[in-house]
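**Q**
Right under this line is the structure:
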């Protein structure tokens with residue numbers, strides 16, 4: 421009997437610490453599958469964030485570096501410039517990338533750094549208890565917005581793909597989601613394209629992944645998936661926001 425489904429070699433054979441229903445594990449698997457398919461795991465350096473994915477270095481079989489909070493794109497820039505032939509990616513949450521790391525993200529993109537960014541958007545600071553993040557939706561209840569996010573007082577959420585797509589150095593920006601089989605398949609295609617663009621030397625690429633956080637949202641995994649579909653996707657539409665195609 422032939423094996424049709426198995427753990428990717430780039431994914432470590434260990435238990436993950438993520439909460440039940442969290443889709444970080446799916447995102448990890450998709451990245452690992454792409455590294456296997458492209459045959460680049462042994463030449464890859466990943467940069468882990470501060471946040472729920474802070475232990476990402478335990479889950480990937482490639483070389484990994486832990487960055488200070490928000491500084492993953494800066495660390496990845498240094499690695500790529502020292503090792504230009506290496507495949508370099510960051511794996512970051514919304515608090516890490518879009519709050520304390522906003523400057524690092526924007527400037528890495530505008531410089532056209534030839535790195536790949538995997539961005540997990542679950543609309544809150546997951547690791548520290550569910551505080552409001554830059555991506556928290558208007559009206560969304562968090563531990564620091566108990567009456568819902570009020571844009572008049574706090575401002576509006578940041579749409580990262582839309583923002584970065586305006587920068588010349590960005591080669592590829594796409595938003596995907598992990599709420600059903602079709603979208604998971606599309607997410608893998610986007611991740612693969614982002615890595616292929618790096619291999620082709622096209623510049624900065626980012627894949628934004630809409631993800632669930634059942635624990636901090638106070639929902640079951642099924643309810644969280646439905647909430648993502650009904651609330652996140654309308655506010656953060658899926659799709660390609662920039663793709664330079666064959667250009668460099």
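In the numbering used here, the protein residues as written are 421 to 668. Ideal Cβ positions, reconstructed from N, Cα and C, are used throughout, including at glycine.
Given residue 530, which residues of its chain have a CB within under 6 angstroms of its CB, disregarding the five upstream and five downstream residues?
**A** Taking the first residue of the chain shown as position 1, residue 530 is located at position 110. Within the same chain, residue 530 has close Cβ partners 587 and 589.
**Q** Is residue 623 close to the ligand GDP? I mean its beta-carbon at under 6 angstroms from any heavy atom of the ligand.
**A** The ligand GDP is not part of this structure, which contains no ligands at all.
**Q** Using DSSP's beta-bridge definition, name the partner residues of residue 670.
**A** Nothing can be reported for residue 670: it is not among the residues displayed for the chain, which extend from 421 to 668.
**Q** Considering only C-alpha positions, which residue in the set 533, 655, 488 and 664 is nearest to residue 502?
**A** Residue mapping note: residue 502 aligns to position 82 of the chain shown, counting from 1. Taking only the C-alpha atoms, the option nearest residue 502 is 533.
**Q** Measure the Cβ-Cβ separation of residue 554 and residue 578 and say whether it is below 7 angstroms.
**A** The residue given as residue 554 occupies position 134 in the chain shown. The residue given as residue 578 occupies position 158 in the chain shown. A contact, by the Cβ cut-off of 7 angstroms.
**Q** Would residue 539 and residue 517 be called neighbours here (beta carbons separated by less than 7 angstroms)?
**A** Counting from one through the chain shown, the residue named residue 539 turns up at place 119. Counting from one through the chain shown, the residue named residue 517 turns up at place 97. Yes, these two residues count as a Cβ contact at 7 angstroms.
**Q** When the Cβ atoms of the segment 616–623 are set against those of the segment 463–478, are three or more pairs found closer than 8 angstroms?
**A** Not touching, per the Cβ criterion.
**Q** If we call anything under 7 angstroms between Cβ atoms a contact, is residue 439 one with residue 635?
**A** Mapped onto the chain shown, residue 439 falls at position 19. Mapped onto the chain shown, residue 635 falls at position 215. Cβ distance < 7 angstroms, so residue 439 and residue 635 count as in contact.
**Q** With a CB to CB cut of under 8 angstroms and the five nearest residues on each side skipped, what residues in its chain are close to residue 500?
**A** Here residue 500 corresponds to residue number 80 of the chain shown, with the count starting at 1. Cβ neighbours of residue 500 beyond the five flanking positions: 506, 508, 533, 534 and 535.
**Q** Under a three-way DSSP split, which group does residue 516 fall into?
**A** To locate residue 516, count along the chain shown from 1; it is residue 96. Residue state, collapsed to three classes: helix.
**Q** Looking at residue 432: is its Cβ nearer than 7 angstroms to the Cβ of residue 486?
**A** Looking up residue 432 in the chain shown gives position 12. Looking up residue 486 in the chain shown gives position 66. The answer is no: Cβ separation not under 7 angstroms.
**Q** Look at the alpha carbon of residue 549 and the alpha carbon of residue 626, and state the distance between them as a whole number of angstroms.
**A** As a first step, residue 549 is located in the chain shown; it is residue number 129 there, counting from the start. As a first step, residue 626 is located in the chain shown; it is residue number 206 there, counting from the start. If I take the Cα positions, the gap works out to 26 angstroms.
**Q** Using CA coordinates, which residue listed in 523, 637 and 616 is at the minimum distance from residue 665?
**A** The count along the chain shown starts at 1 and reaches residue 665 at position 245. Among 523, 637 and 616, the Cα nearest to that of residue 665 belongs to 616.
**Q** How many angstroms separate the CA atom of residue 650 from the CA atom of residue 601?
**A** Working through the chain shown from its first residue, we reach residue 650 at position 230. Working through the chain shown from its first residue, we reach residue 601 at position 181. Residue 650 and residue 601: Cα-Cα distance of roughly 17 angstroms.
**Q** Is it true that the CB of residue 610 sits closer than 7 angstroms to the CB of residue 594?
**A** Against the chain shown, residue 594 aligns to sequence position 174. Against the chain shown, residue 610 aligns to sequence position 190. Cβ distance < 7 angstroms, so residue 594 and residue 610 count as in contact.
**Q** Buried or exposed: which applies to residue 421, given that a residue is buried once 16 or more other Cβ atoms fall within 10 Å of its Cβ?
**A** Here residue 421 refers to the residue found at position 1 of the chain shown. Answer is exposed; the Cβ neighbour count stays below 16.
**Q** Would DSSP call residue 565 helix, strand or coil?
**A** Here residue 565 corresponds to residue number 145 of the chain shown, with the count starting at 1. Correct three-state label for residue 565: strand.
**Q** Taking the runs of the beta strand (DSSP E) that are 3 residues or longer, which of them lie wholly in the segment 609–637?
**A** You should have 624–630.
**Q** Does chain D have any CB closer than 7 angstroms to the CB of residue 454?
**A** In the structure shown, chain D does not exist; there is a single protein chain.
**Q** Tell me the start and end of each unbroken beta strand (DSSP E) in the segment 472–499 that is at least 3 residues and wholly inside, in chain order.
**A** As far as the segment 472–499 is concerned, its whole beta strand (DSSP E) runs of at least 3 residues are 483–486.
**Q** Could you tell me which of 427, 653, 645 and 498 sits nearest to residue 450, measuring between CA atoms?
**A** As a position in the chain shown, residue 450 is number 30, starting the count at 1. Of the listed residues, the one whose Cα sits closest to residue 450 is 427.
**Q** Quick one: using the 10 Å Cβ neighbour count with 16 as the cut-off for buried, is residue 576 buried or exposed?
**A** Numbered from its first residue, the chain shown carries residue 576 at position 156. Label assigned to residue 576: exposed.
**Q** Check each candidate in 523, 491 and 557 and name the one with the smallest Cα separation from residue 655.
**A** By one-based count along the chain shown, residue 655 stands at place 235. Closest option to residue 655, Cα to Cα, is 557.
**Q** Does the Cβ-Cβ distance between residue 562 and residue 547 come in under 7 angstroms?
**A** Position 142 of the chain shown holds residue 562. Position 127 of the chain shown holds residue 547. Contact: no.
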